[in-house]
Amino acid sequence: MAFQRSAQTLVTKKKCIPELARKYPWTRPQGDETGISIYNFYTRSKLPLILSTEGNLKWYVCGPTVYAEPHVGHACSFVRFDVIRRILMNVFDINVVFMMNFTNVDDKIIDKAKKVGQTTEQLSSHYESRFLQNMQQLNVLRPTIVHRVSDNVQNVIEFIERLVESGHAYVTGQGSVFFHCDSYEGYGSLSRMKVLPSEKTMFDDQKMKPQDFLLWKPHKVGEPFWDSPWGQGRPGWHIGCSALASKVFGEKIDIHSGGGDLKFPHHENELAQSNCYHHTNQWVNYWINSGACT
Ligand SMILES: [Zn+2]
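Residue numbers for the sequence shown follow UniProt numbering, so the first one is 1 and each next one is one higher.
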């Protein structure tokens, strides 16, 4: 496992707004009462763990963006999740279906591949193997199901199409598709954060509002691309998790987890687009994060 100095933190101008938590309060699920208590980041409190399907637990974890060696943050997160997974399986006899997604289409992968003279596929599959190898060395159980964004772009496109049709996403003249945050009243309920109007990105010109985020990026020369109803391009970062988790688990996940640093905007965006896609207020019953989060 490589230990590296952290890259310079990308400063996102965001603001904590505690009142956002009240928009969509947590609803007690119907299902299998396990007698276990679990800390839910969504409510910032311990709650009874109730499984949506008797004896089965549907657990989705955001996997790494595979562009560099795994680091100690990955190890901390996945060892912690593994301990909880093993307790649920071995002590409480729950059948845990643990699904992980590799983000293998992303700006960082494209930049690094260009730098080292490889294709994005070569680079990402190398670091995917390194990640799985390192987790095995740490005795972390393999996920039950693994998916990659590049293998499932059609699912991503269908997911985005439904959001566009229902008015939760919009297409720009340049072939980008953005999620329309104002169309979803619960935005910020999980992280209790919003992007401040001062945030600038390279796509600002096309956005209706600063917090709107990209679902589909138009093709640029030298980047991987797929055909879509909006022209050639590739999925944005956040949409892969929602589309792939929904492909496997449908409209409900029991546990969703990831590094605490992903709580905003990544998890917030995942939740917003998935709630809209599934016409629900609670796509995930329990959010477990690893690392610093408040
Ligand atoms: Zn994710």
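A virtual CB, placed ideally from N, CA and C, is assigned to each residue, including glycine.
Just checking my contact of residue i with residue j at CB under 8 Å: how many whole Å lie between their CB atoms?
i    : j    : result
S246 : Y277 : 7 Å
W230 : G175 : 5 Å
P235 : V149 : 6 Å
T65  : K112 : The Cβ separation is near 10 Å, so there is no contact.
Y67  : D106 : 7 Å
G73  : G259 : 6 Å
F92  : T34  : 6 Å
Taking the beta carbon of residue i as the centre, do at least 16 other beta carbons fall within 10 Å, making it buried, or is it exposed?
i    : result
G279 : First, the amino acid is wrong: residue 279 is His here, not Gly. With fewer than 16 Cβ atoms within 10 Å of its Cβ, H279 is classed as exposed.
E185 : exposed
K263 : buried
Y127 : buried
K217 : buried
P143 : buried
N90  : exposed
R44  : exposed
Q282 : buried
V221 : exposed
P18  : exposed
M208 : exposed
Report all residues from its chain with a CB closer than 7 Å to the CB of residue i; omit the five preceding and five following residues, and keep chain order.
i    : result
V79  : L138 and V140
R130 : E69 and P70
N155 : A243, L244 and K247
C76  : S290 and G291
Below 8 Å CB to CB, which residues in the same chain sit around residue i once its five sequence neighbours on both sides are set aside?
i   : result
L57 : L51, L88, I94, N95, V96, V97, D254 and I255
Y42 : W26, S189, L190, V284, Y286 and W287
Suppose contacts are defined by Cβ-Cβ distances below 7 Å. Is residue i in contact with residue j by that definition?
i           : j    : result
F179        : A169 : yes
E206        : K194 : Per the sequence presented here, residue 206 reads as Gln, with Glu not at that position. Cβ atoms of Q206 and K194: not closer than 7 Å.
R192        : C62  : no
V271        : I239 : Per the sequence shown, residue 271 should be read as Leu rather than Val. Their beta carbons are not under 7 Å apart, which means L271 does not touch I239 by this criterion.
I38         : L49  : yes
residue 295 : I110 : Summary: the structure shown does not reach residue 295, with the chain confined to residues 1 through 294, and so no result is reported for it.
S124        : N104 : yes
S183        : G167 : yes
Using C-beta distances below 6 Å, list every residue in its chain close to residue i, excluding the 5 sequence neighbours before and after it, in chain order.
i    : result
Q232 : H219 and F225
S228 : I157
V146 : M100
G55  : N95
Please state the DSSP three-state secondary structure of residue i.
i    : result
S176 : coil
L214 : strand
H168 : coil
V140 : coil
R192 : coil
I160 : helix
E223 : coil
N275 : helix
Any chance the CB of residue i is under 6 Å from a heavy atom of ligand 3?
i   : result
C16 : In terms of ligand content, the structure shown lacks ligand 3 and carries ligand 1 instead.
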